[in-house]
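Undergrad: Structure in structure tokens, see below.
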Amino acid sequence: MTAALWLLAKALAAAALVGALLLGVRSCQEHYREQGREEVRTEWSSADNQRELEEREAVIDKQRAERAEEQRMAREKVKKDHEQAQREKRLLDRAVAAEHTADGLRDTIAQRDAESRVRRAQGTCAAAEREADDAATARGLLGACAGRYTELAAEAGRLADQVMGLQDHIVVVQPEAAALLSEIGGE
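The following block contains the structure:
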């Protein structure tokens with residue numbers, strides 16, 4: 764029986780050894796799996812951190828670009844406002860010059876009318892009287908037309924200035940519109 768016990772003890776020892784070996788292998792496998800999981804977690808966390816960093820950098824870059832665009836638009840607006848003020852000044856100067864010219868014409872008409880009245884008072888012939896009336900009417904119409912023309916020129920200048928101001932504003936807000944405006948202006 765001792766041989767049977769001895770065989771049984773060997774079998775039990777072998778089974779225990781195989782069991783211990785399997786438990787060791789299993790434990791080693793689990794250890795390596797846990798190491799792999801930890802590596803995956805670390806890489807995942809690192810990738811998340813990198814993505815978040817890239818997103819933050821993209822937001823910062825976008826904000827910088829927006830600020831740069833706002834600053835460009837502000838500089839362009841100041842420039843266009845200055846140009847608008849210069850156009851308005853030129854328009855006002857032209858309107859004043861046109862009004863002075865019209866005033867000079869009205870003064871000349873008034874002078875001619877006064878001279879005509881003096882000649883009429885001297886008592887010339889009836890044909891000369893009709894001619895003087897026609898000339899006075901023509902001078903009156905010329906003066907009225909000059910005044911109306913001055914008003915029309917001032918209004919046209921104001922409208923042209925308004926259009927240019929709006930176009931300048933569009934170019935500031937939409938820079939790509941500048942190409943369209945230059946195409947329209949070139950035709």
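Position 67, counted from 1, in the sequence shown is what the working numbering calls 830; the numbers after and before it change by one each time, with no gaps. Beta carbons: idealized from backbone N, C-alpha and C, even for Gly.
Going by the beta-carbon positions, is the gap between Ala865 and Thr913 smaller than 7 Å?
TA: Yes, these two residues count as a Cβ contact at 7 Å.
Undergrad: Anyone know if the C-beta pair for Glu839 and Val926 falls short of 7 Å?
TA: Going by C-beta atoms, Glu839 is not nearer than 7 Å to Val926.
Undergrad: Excluding the 5 residues flanking Ala917 on each side, which residues of the same chain have their C-beta closer than 6 Å to its C-beta?
TA: So the list reads Ala858, once near-sequence residues are dropped.
Undergrad: Starting from the C-beta of Gly920, find all residues in its chain whose C-beta is less than 8 Å away, skip the five residues before and the five after it, and write them out in chain order.
TA: Result list for Gly920: Leu854, Arg857, Ala858, in chain order.
Undergrad: Looking at the structure shown, is Glu939 part of a helix, part of a strand, or coil, going by DSSP?
TA: In this structure, Glu939 counts as coil in the three-state DSSP scheme.
Undergrad: Considering just the uninterrupted stretch of the alpha helix (DSSP H) at Gln743, what are its terminal residues?
TA: Past the boundaries of the shown model lies residue 743; the chain is included only from 764 to 950, so the question cannot be answered.
Undergrad: Ala895 and Ser879 - do their beta-carbons sit closer together than 7 Å?
TA: Yes, these two residues count as a Cβ contact at 7 Å.
Undergrad: So, for Gly910: in the same chain, excluding its five sequence neighbours on each side, which residues have a beta-carbon less than 8 Å away from its beta-carbon?
TA: So the qualifying residues of the chain are Ala865, Arg869.
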